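Novice: Structure in structure tokens, see below.
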Amino acid sequence: MRSLAQEAFDALSDPTRRRILQHLSEDQEITAGDIADRITGVGRTAISSHLRVLRTSGLILERREGRYRYYSLDPEGPVRDALAFLQGILGSALPTVHEETETERPQQTRRRTG
Amino acid sequence: MADVALAARHEVPMSAHDLFDLFGAQAGASWLFDARCDAVIPGAPVTLSVPVGPDGGDPIDLLGRISRCIPGRLIEIVHDQPWQGVLTIKLTAVDAGTTRVTVMANLDERGLAWIMRRRGWPHDLPEDHSVHRVGLLTSNSGPGAVYTVACEHLAQLAVDEINTEGGLEGRRVELVVGDDATDPGRAALEARHLVAAGCRVIVASVTSASFEAARRAVGKTGIPLIHPHVNEGGGGGDQVVRWGERPIDQVRAVAHTVMRSAAGRRWYLVGNNYSWAHGAHRAATQAIDEAGGVVVASAQVPLGTGDFTAVLEDVERSGADCVLSCLIGSDEVAFERQVSEAGLRSRWETVSLALDESSRERIGNEAARGIWAVFGYFQDLDTPENNEFLQRYRNRFGRWAPPVSSFSESMYEAFLLYAAAVRSSGLDTSVTQHLYTAHARMPRGLVSSYGPEALRQHLYVARSGTDGFRLITG
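Those sequence lines, one after another, are chains F and Z.
All letters in the first sequence, in the order written, are residues 1 to 114 by the working numbering.
All letters in the second sequence, in the order written, are residues 115 to 588 by the working numbering.
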């Protein structure tokens, strides 16, 4: 038995699964067939098993309607939440340049207080 | 290291070199560019205050060091706390006055697990009977994160070595880590999680306040709970084992030398307001008295204190010749830097009971110069077993891994002593009984446990020098 983080990590470490997530982030909800059409070089059976890994690791949701299965990113799942949180932190890591900092040369002395 | 990467990109109306100079300049640019570091060169320790709360509040310190640096183009930071990962800043000139900045974060599975836990998601690890799980309760965040920085590495090194020798009871040993955030309430919660995950032992690298909370939470669950580093003693027995240096022995080892160096015998005691520092102040008062000194005043401040102006004024007023610090982690770093910035370093001699290699390098070579420390282990200990140990550590974790200290080396020891106890235990002797009488040659030298609350070891006195500790006695 593995923890959710371990499963999610395995899910995210695979390049095909990352491509699937990329497509799912561009569209709200798509079928397994649409995903297989967009990802060339990977068979439909393999796509199905990748989707199963993504679902069990809490990254995506599956909805059945008739004979179709629709997939979407799980907006409230723990992994999405953790990654969105880290993405938010990274977004605020980029420098905001104010008028003052543009004209004022940065100080050369480094200070820190631990 | 297999990892996942996230990136953010943005164009900034500044030249790449001006932007590079902005890093570490404390100009209010962003949490990343306002890095606290003494130099932007490979190897320099870096502290980043990452805003994690709503509205950018509640920052946590990300502790790392610069691993690569190309002026005007790239800064790479390898970090160890609160999770292990790499942050890369790439600067690409779009034109003379515009630069594209890419910030990339790489993290591994444990990093992802840490963030999920901190976001409040349940993190129950299902029991797995195919492995022998061992728990490390440590402080990945909060003021204690500075001195525990290498503890996870050293625990992992011990686990790797135990597995190389065939694991325990025919099973692979797996390390599970809990972060107490330097908070006793959280320590109790994380200790329960480690027990629920099936850990067969918990080794704790946390404050005595957190250890006591963990003891109350899981001390009667039948699994050994070990506190292997510096502590004030007490609370041992049954499954609870407390090793580590004791304040009275540390102060006895150094008091005479320091008073001679100060040409004075008046002492000021400063510490964080919790059980270890209380016990250390009591023990220090006795040891100082035995050595012919006198305690003239003392101060206790809450954990997480960053401004020591009032304390420094009080020390000056007291006319102390010697200062004994029982501050820990980021508090100790802030205090010693402020002593130095105020030009007070040569005004008195300083002994610090928790100044390890990691705290020392974050204070900085210049600001820490001359501070006295007493431990059973220093990274600069020049013995064949220590040199070989450090080589194994560097081979496993690389040149940018944090320095080893008495705190982290004691984690390595505790897991090895636990493994030896498991291998020796049988139907009529328990693991705990073997822990009470454990003895072995370790990187620090010969250690022998006697009972649940003491470990015999040699103590070394050292002074902070130009690039590390200089051993004075031993």
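No residue lacks a Cβ here, since even glycine has one placed at the ideal position from N, Cα and C.
Predicted model only: the values in this text are computed from it and were never measured.
Measuring CA to CA, which of Z:V518, Z:E567, Z:L541 and Z:L549 is closest to E266 (chain Z)?
Specialist: Of the candidates Z:V518, Z:E567, Z:L541 and Z:L549, the one whose C-alpha sits nearest the C-alpha of E266 (chain Z) is Z:V518.
Novice: At least one CB of chain Z closer than 8 Å to the CB of I39 (chain F): is that the case?
Specialist: Taking Cβ atoms only, chain Z never reaches closer than 8 Å to I39 (chain F), which makes this a no.
Novice: When Cβ atoms are compared, which residues of the stretch 33-62 of chain F fall closer than 8 Å to chain Z?
Specialist: Per Cβ criterion, the list is empty.
Novice: Please report the residue range of the alpha helix (DSSP H) in which M373 (chain Z) lies.
Specialist: First-last of the alpha helix (DSSP H) with M373 (chain Z): P361 to A376.
Novice: So, is D274 (chain Z) buried or exposed, given that buried needs 16 or more other C-beta atoms within 10 angstroms?
Specialist: Per the 10 Å Cβ criterion, exposed.
Novice: Which one or two residues does DSSP pair with T206 (chain Z) in a beta bridge?
Specialist: Partner(s): Z:R214.
Novice: Please check if any C-beta of chain F sits within less than 8 Å of the C-beta of L146 (chain Z).
Specialist: For L146 (chain Z), the answer is yes, since a Cβ of chain F falls inside 8 Å of its Cβ.
Novice: Would you give the residue range spanned by the alpha helix (DSSP H) that G91 (chain F) belongs to?
Specialist: G91 (chain F) -> alpha helix (DSSP H) spans P78 to G91.
Novice: Is the beta carbon of S324 (chain Z) less than 8 Å from the beta carbon of P298 (chain Z)?
Specialist: Going by C-beta atoms, S324 (chain Z) is nearer than 8 Å to P298 (chain Z).
Novice: Please say whether R380 (chain Z) and V410 (chain Z) have beta carbons closer to each other than 8 Å?
Specialist: Closer than 8 Å, so yes.
Novice: Would you list, in chain order, the members of the stretch 69-96 of chain F that have their beta-carbon closer than 8 Å to a beta-carbon of chain Z?
Specialist: Hits within the stretch, in order: P78, V79, D81, A82, L83, F85, L86, Q87, I89, L90, G91, S92, A93, L94, P95 and T96.
Novice: Would you list, in sequence order, the uninterrupted beta strand (DSSP E) runs of no fewer than 3 residues that lie entirely inside the stretch 373-458 of chain Z?
Specialist: The stretch 373-458 of chain Z contains these whole beta strand (DSSP E) runs: 380-386, 408-415 and 436-440.
Novice: Applying the criterion that 16 or more other CB atoms from any shown protein chain within 10 Å of the CB defines a buried residue, is S524 (chain Z) buried or exposed?
Specialist: S524 (chain Z) comes out buried.
Novice: E279 (chain Z) to A269 (chain Z), Cα distance in whole Å?
Specialist: When rounded, the distance between both Cα atoms is 16 Å.
Novice: With three or more beta-carbon pairs closer than 8 Å as the criterion, would you say the stretch 188-203 of chain Z touches the stretch 146-161 of chain Z?
Specialist: The stretch 188-203 of chain Z vs the stretch 146-161 of chain Z: in contact.
Novice: N345 (chain Z) to Q571 (chain Z), Cα distance in whole Å?
Specialist: Approximately 14 Å between the Cα atoms of the pair.
Novice: In angstroms with no decimal places, state the Cα-to-Cα distance between T296 (chain Z) and A210 (chain Z).
Specialist: Rounded to whole angstroms, T296 (chain Z) to A210 (chain Z) spans 47 Å at the Cα level.
Novice: Do the stretch 403-421 of chain Z and the stretch 235-247 of chain Z make contact, defined as three or more Cβ pairs closer than 8 Å?
Specialist: No: the two stretches stay apart, fewer than three of their Cβ pairs being nearer than 8 Å.
Novice: Just confirm the distance between the C-beta atoms of S520 (chain Z) and Y564 (chain Z), as a whole number of angstroms; I'd bet it's less than 8 Å.
Specialist: About 19 Å; that fails the 8 Å criterion.
Novice: Please name the residue, chosen from Z:L417, Z:H395 and Z:G157, that lies closest to S466 (chain Z) on a Cα-to-Cα basis.
Specialist: Closest option to S466 (chain Z), Cα to Cα, is Z:H395.
Novice: Would you kindly report the start and end of the unbroken alpha helix (DSSP H) that includes S48 (chain F)?
Specialist: Its alpha helix (DSSP H) spans residues R44 to T56.
Novice: Excluding the 5 residues preceding and the 5 following H392 (chain Z) in the sequence, name in chain order all residues of the same chain whose CB lies nearer than 8 Å to its CB.
Specialist: Closer than 8 Å at Cβ, skipping near neighbours: E346, G385 and Q414.
Novice: With burial defined as no fewer than 16 other Cβ atoms inside 10 Å of the residue's Cβ, what is the status of V317 (chain Z): buried or exposed?
Specialist: V317 (chain Z) is buried by the Cβ-count criterion.
Novice: Can V215 (chain Z) and I89 (chain F) be called in contact, C-beta distance under 8 Å?
Specialist: Their beta carbons are not under 8 Å apart, which means V215 (chain Z) does not touch I89 (chain F) by this criterion.
Novice: Anything in chain F within Cβ reach of E223 (chain Z), meaning under 7 Å, just list it in chain order.
Specialist: Simply A5, Q6 and F9.
Novice: In this structure, how does DSSP classify G579 (chain Z) when only helix, strand and coil are distinguished?
Specialist: In this structure, G579 (chain Z) counts as coil in the three-state DSSP scheme.
Novice: Using a Cβ cut-off of 8 Å (strictly closer), state whether A122 (chain Z) contacts chain F.
Specialist: Closer than 8 Å: yes.
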